[in-house]
């Protein structure tokens, strides 16, 4: 029995062993049949794939190592929450940097932005955007061991160096320059030097990255496997840096960047002008160090299976967020400061302007026939002049010089204020018209009038004003007035003021010949304009435009067509004749003549100085003259923070002296010799190459010098805290000289043209039979509007071409190069302004493939001209007098109908064509909405300065402007009331903006567009029939 049981047990064990052997044999047979390996868990393809023709095809999320084919390695990638966080942070940081660049582009003309060096700011913003893009792209890559992973990290690393390297080098330069010793050697670290050192830092970083790459610090090729708990091997599916030494090599230099930047920022806080910005930067760097501590602690303490997520979070905290913070504290505080400055300027402005605006409201309601109110107004004006050194504002002066004010003392006060104003040329025609109402005019001695004295002094000191003086007087001498005789006859009579203007012209010529170099220049220009007029009359009978063009070109080749003169529209530019082949006669009824001028470069370089002030004397015999020696001893300048220079101008003689950071002058004595009695010394202060203030100093007379021999004169520089201490002495010496030998211009050192010639159009259009005074007035008003808007921080890109009336029926206008009529633009571009802009301003990366700057210019200029032409009531707006430049500038020409007059019925308030709106994106486009915003802002700005616009018009109503009094029964103030009505002065700013918005929207209604389309077709038919 026992033997039987033992035999059965042995048999059972044998069967069990046989069964196990059979199982192993089957598995081995299967493996041998399919030729797929068994994984560490004893399963084919590790049970994470299936066998196909001897190879394991792994399931999603599994893979094989380099030497096996068993699907035993699990791919670990970023979890969804980490990936979304990286993606959102990258996008937000890139948008912050991009918007910062947009702000700097938008405020590119602002002085605060220019001081911040926009090129470096754009470089930092580009680096931040590139860093964000690299991190987001790397987080999105899931390719095993691909080279692109490491490339993205290299880009992110270099982007960080661009941002913080720029900050580091600029701070180092500021420390060297702003905190350098006044007694030490000179320091000159240019922007090119900064870019060079930024490039050097990038080269060093590239070397470091190359070393890390060669030492296999990046995950290129085979990636190290991670052993997870439980024996599972896993591999991170993405980009990462897996060597600790490589991480230290890359992070350590950037930590040094932060430490040096923090040290420089704290050191620069000692500079008063940099204290606020450096405090913000130091706070930012301190916060960056905190982010670094957080990022590094996350990476160091991360467990093995979360090291990939922590690596990405670490890079966000170490690279991306610090770069964005630096960009933020660099750009956005400047934007806030600019807006605060604009808000202060709008609400408080400068003291003199605040008072002037309030004063204009008060003066507008003064009853000038009431003696008591006039005396009260005079007292208030005296207080303004005494309290505010800048004196009266130009709009107030023009109003006080109009025919409304008949008080001698007030008019003298206004005339004396002109000596303190710099930009008289913009309003000079109105100042000449004010002489018609001057109460101090004495035909025996015109110089007794303060207004005449101020105008002659301005003409003596500026060739531009002398040019305006001459031509305005000549036109005024031809000006007549229509009068009604006994209700039966309308006759054109000479104006009662003609004798006064004739005497003034003689005095003007005499003053220029004796005390200024401008007399001969004006006379030469007069000869040239006379030649142009005679030439036109000579070829006028040649036949059609083609025959006239041939005769014109032949005449311009003659020797008498070559002479030296000043540009008739830009008197600061010298010309030597004409270019015959570029000159032509246009085919139109008026047959205007286009002349191409030749710039005299040699004479320009030889004779054009800062303001063309010099003196010369002419005589035919030996005479006794007096020479005046002026010695200026510069003692010291206080209140300056850095080295600079002082420019001293005496009657056109210019000298410059440098001073160091302590206000001490290197060469303190300045000597002049002049032939006329010196009265004013013009002193201009420069910090670097930027002018920060200018003041006129009255020189002492003989009596004052006897009483005060060695007194030190203290001069307070305006717009600055600087105080200049100096001594001035004037000595008189009697000399005899041959005036014929010294005849000509005595000029000081000349300036280079510095691009002045390139900025001036050398093409002019001469027309006979048209009154250019109206076009000249409109262009002047556009220039005034442009000046007002720019002062308020709004740039609308007006195209202010020059117009000159040489008589009541002749004149010339500037030929605007690269400009085309809107009719031609639409005809040649399939009635699409976008196609025209793409042709000339193409940018593949920009919206609509048009450069953003060109589109911005177009939108702003359209808004500006909509408002300006509406206020002035400009009529006859067809597509032939709407113009486009290749740069995107939109502008108007041919102002034959203004102040509400129009040859066609039912004219629109302004011309805004559907093609222009379509180019801005349509009625719902952002461009059109921006255009409306600019127009509303411009409208409210001009409404706040109504007193200036109306003052210009009040002083122009007796100038013979055709549409200001188109018939004798019309009141002269009717046109002014039309402008005043269009400004809706009783409306609030909000209602006024809504009113302008409605006008722009109504111009795009179907019935309005249909009516204007019919009118345009009728105009085209009329042109074709001519």
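Numbering (the working numbering), first residue to last: 1333 to 2358. Built from N, CA and C at the ideal position, the CB exists for glycine as well. Since we're looking at a predicted model, the values are computed, not measured.
Asked                                                                                                                                                                                               : Found
Counting Cβ pairs closer than 8 Å, one from the segment 1880 to 1900 and one from the segment 1851 to 1866, do we hit at least three?                                                               : yes
Report the option in 1413, 2056, 2174, 2137 whose CA atom is closest to the CA atom of residue 2112.                                                                                                : 2137
Under the rule that 16 or more other beta-carbon atoms within 10 Å means buried, what is residue 2150, buried or exposed?                                                                           : exposed
Looking only at its own chain, which residues have a Cβ that is under 8 Å from the Cβ of residue 1627, when we skip the five neighbours before and after it?                                        : 1645, 1646, 1647, 1648, 1649, 1650
Considering only residues of the segment 2130 to 2190, which uninterrupted beta strand (DSSP E) runs meet the minimum length of 3 residues and lie entirely inside it, listed in chain order?       : 2135 to 2137, 2142 to 2146, 2151 to 2153
Can you give me the start and stop residues for the alpha helix (DSSP H) that residue 1715 sits inside?                                                                                             : 1703 to 1719
So, does the segment 2118 to 2125 touch the segment 1787 to 1801, judging by three or more C-beta pairs under 8 Å?                                                                                  : no
Using the Cβ count rule (16 or more neighbours within 10 Å means buried), how would you classify residue 2317?                                                                                      : exposed
With C-beta atoms as the reference, is residue 2227 less than 8 Å away from residue 2206?                                                                                                           : yes
Determine contact between the segment 2253 to 2265 and the segment 1726 to 1744, defined as no fewer than three beta-carbon pairs at a distance below 8 Å.                                          : no
Within 8 Å, do at least three Cβ pairs link the segment 1916 to 1926 to the segment 1804 to 1815?                                                                                                   : no
Excluding five sequence neighbours on each side, which residues of the same chain lie with their C-beta closer than 6 Å to the C-beta of residue 1839?                                              : 1778
Give me the residue from 1754, 1831, 1825 with the minimum Cα distance to residue 1794.                                                                                                             : 1754
Between which two residues does the alpha helix (DSSP H) containing residue 1277 stretch?                                                                                                           : This structure cannot settle anything about residue 1277, because the visible part of the chain is limited to 1333 through 2358.
How is residue 1935 classed by DSSP in three states: helix, strand or coil?                                                                                                                         : helix
Note down the Cα distance separating residue 2331 from residue 1423, rounded to an integer number of angstroms.                                                                                     : 40 Å
Taking a contact to mean a Cβ-Cβ separation below 8 Å, would you say residue 1771 touches residue 1736 in this structure?                                                                           : no
Nearest-angstrom Cα distance between residue 1853 and residue 2305?                                                                                                                                 : 38 Å
Please go through the same chain and pick out, in chain order, the residues whose beta-carbon is closer than 7 Å to the beta-carbon of residue 2221, but skip the five residues on each side of it. : 2129, 2131, 2189, 2193
If you draw a straight line from the alpha carbon of residue 1837 to that of residue 1766, how long is it in whole angstroms?                                                                       : 15 Å
Can you have a look at residue 1850 and say buried or exposed, based on whether 16 or more other CB atoms are within 10 angstroms of its CB?                                                        : buried
Straight-line CA distance for residue 1762 to residue 2284?                                                                                                                                         : 6 Å
Counting C-beta neighbours from all protein chains within 10 Å, is the total for residue 2269 16 or more, i.e. buried, or is it exposed?                                                            : buried
How many Å lie between residue 1671 and residue 1435 at the Cα?                                                                                                                                     : 12 Å
Could you tell me which of 2271, 2335, 2345 sits nearest to residue 2322, measuring between CA atoms?                                                                                               : 2271
Looking only at C-alpha atoms, which of 2185, 1583, 2249 sits nearest to residue 2195?                                                                                                              : 2249
Which one of 2142, 1692, 1701 has the shortest CA to CA distance from residue 1713?                                                                                                                 : 1692
Return helix, strand or coil for residue 1737, following the three-state DSSP convention.                                                                                                           : coil
If you run the structure through DSSP and keep just helix, strand and coil, what is residue 1878?                                                                                                   : helix
Could you please give me the residues that DSSP links to residue 1537 through a beta bridge?                                                                                                        : DSSP output for residue 1537 lists no bridge partner at all.
Would you kindly check if the distance between the Cβ of residue 1775 and the Cβ of residue 1835 is under 8 Å?                                                                                      : yes
How would you write the range of the alpha helix (DSSP H) that residue 2260 sits in, first residue to last?                                                                                         : 2258 to 2276
How do the segment 1695 to 1707 and the segment 1661 to 1671 stand: do at least 3 beta-carbon pairs fall below 8 Å, yes or no?                                                                      : no
For residue 1452, which of 1441, 1438, 1466, 1433 has the nearest alpha-carbon?                                                                                                                     : 1433
Below 8 Å between beta carbons: does that hold for residue 1403 and residue 1412?                                                                                                                   : no
If we call anything under 8 Å between Cβ atoms a contact, is residue 2223 one with residue 2296?                                                                                                    : no
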